[in-house]
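See structure below.
Residue numbers (my numbering): 823 to 1021.
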């Protein structure tokens, strides 16, 4: 039976067991830079469009989606300055573009508006770590881990911050917890082995 890619899910292949009367024409998937279209033909709000492009652009280093997401998020943040989700996505976009001075106040505002979220605490902790403010990074990551204990990369960075503040035993404990949660996470395992070898 011929294999066709499924169009409604990623990483799925559908085996077509039908016997068509006429040969099917292969459809081409949309280009990665294709414009987003609201589902069901209903109009999307500028906020929803901004968030959709921001999600689509995650991990992209350049391109039209990334540029479009930034412009839409900036507009949405001006229209709704108290929308924590828009502020977090805009902060993430700025951080990905190495504009930490623009990202930092947005993360701080998002945390104030929605103390239950995790993303802003993680992102702001990363900025504070890069600035050498390890105590603030530790405080932010403690908050993030209290809300989601499975953030293995946060645990790794947290351990590095602890080591830089002279808290070697706490760093080892943090890495042991990371290793217990995911023994396959090589960076945490390797750093833990290194710390155990050196006095």
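Every residue, glycine too, gets a C-beta built ideally from N, C-alpha and C.
Confirm, please, whether the CB-CB distance from residue j to residue i is below 8 Å.
| i | j | result |
| --- | --- | --- |
| residue 889 | residue 910 | no |
| residue 962 | residue 973 | no |
| residue 872 | residue 891 | yes |
| residue 904 | residue 928 | no |
Alpha carbon to alpha carbon, how far is residue j from residue i? Give it in angstroms, no decimals.
| i | j | result |
| --- | --- | --- |
| residue 893 | residue 877 | 14 Å |
| residue 993 | residue 1001 | 12 Å |
| residue 937 | residue 864 | 32 Å |
| residue 981 | residue 988 | 11 Å |
| residue 952 | residue 861 | 40 Å |
| residue 1010 | residue 983 | 13 Å |
| residue 883 | residue 908 | 20 Å |
| residue 900 | residue 868 | 11 Å |
Since residue i is in the alpha helix (DSSP H), which residue starts that stretch and which ends it?
| i | result |
| --- | --- |
| residue 911 | 906–918 |
| residue 1076 | In the structure as shown, the chain begins at 823 and stops at 1021. Residue 1076 is therefore absent and cannot be evaluated. |
| residue 877 | 868–878 |
| residue 973 | No alpha helix (DSSP H) contains residue 973, which DSSP labels as neither H nor E. |
| residue 1014 | 1008–1019 |
Taking 8 Å as the limit between beta carbons, can you name the residues of its chain near residue i, skipping five residues before and five after?
| i | result |
| --- | --- |
| residue 1017 | 985, 990, 993, 994, 997 |
| residue 966 | 940, 943, 944, 947, 973, 976 |
Residues in its own chain within less than 6 Å of residue i by CB, not counting five upstream and five downstream?
| i | result |
| --- | --- |
| residue 925 | 913, 916, 917 |
| residue 977 | 996, 1000 |
Using a Cβ-Cβ cut-off of 7 Å (strictly less than) and excluding sequence neighbours within five positions of residue i, which residues of its own chain qualify?
| i | result |
| --- | --- |
| residue 887 | 855, 875, 878, 879 |
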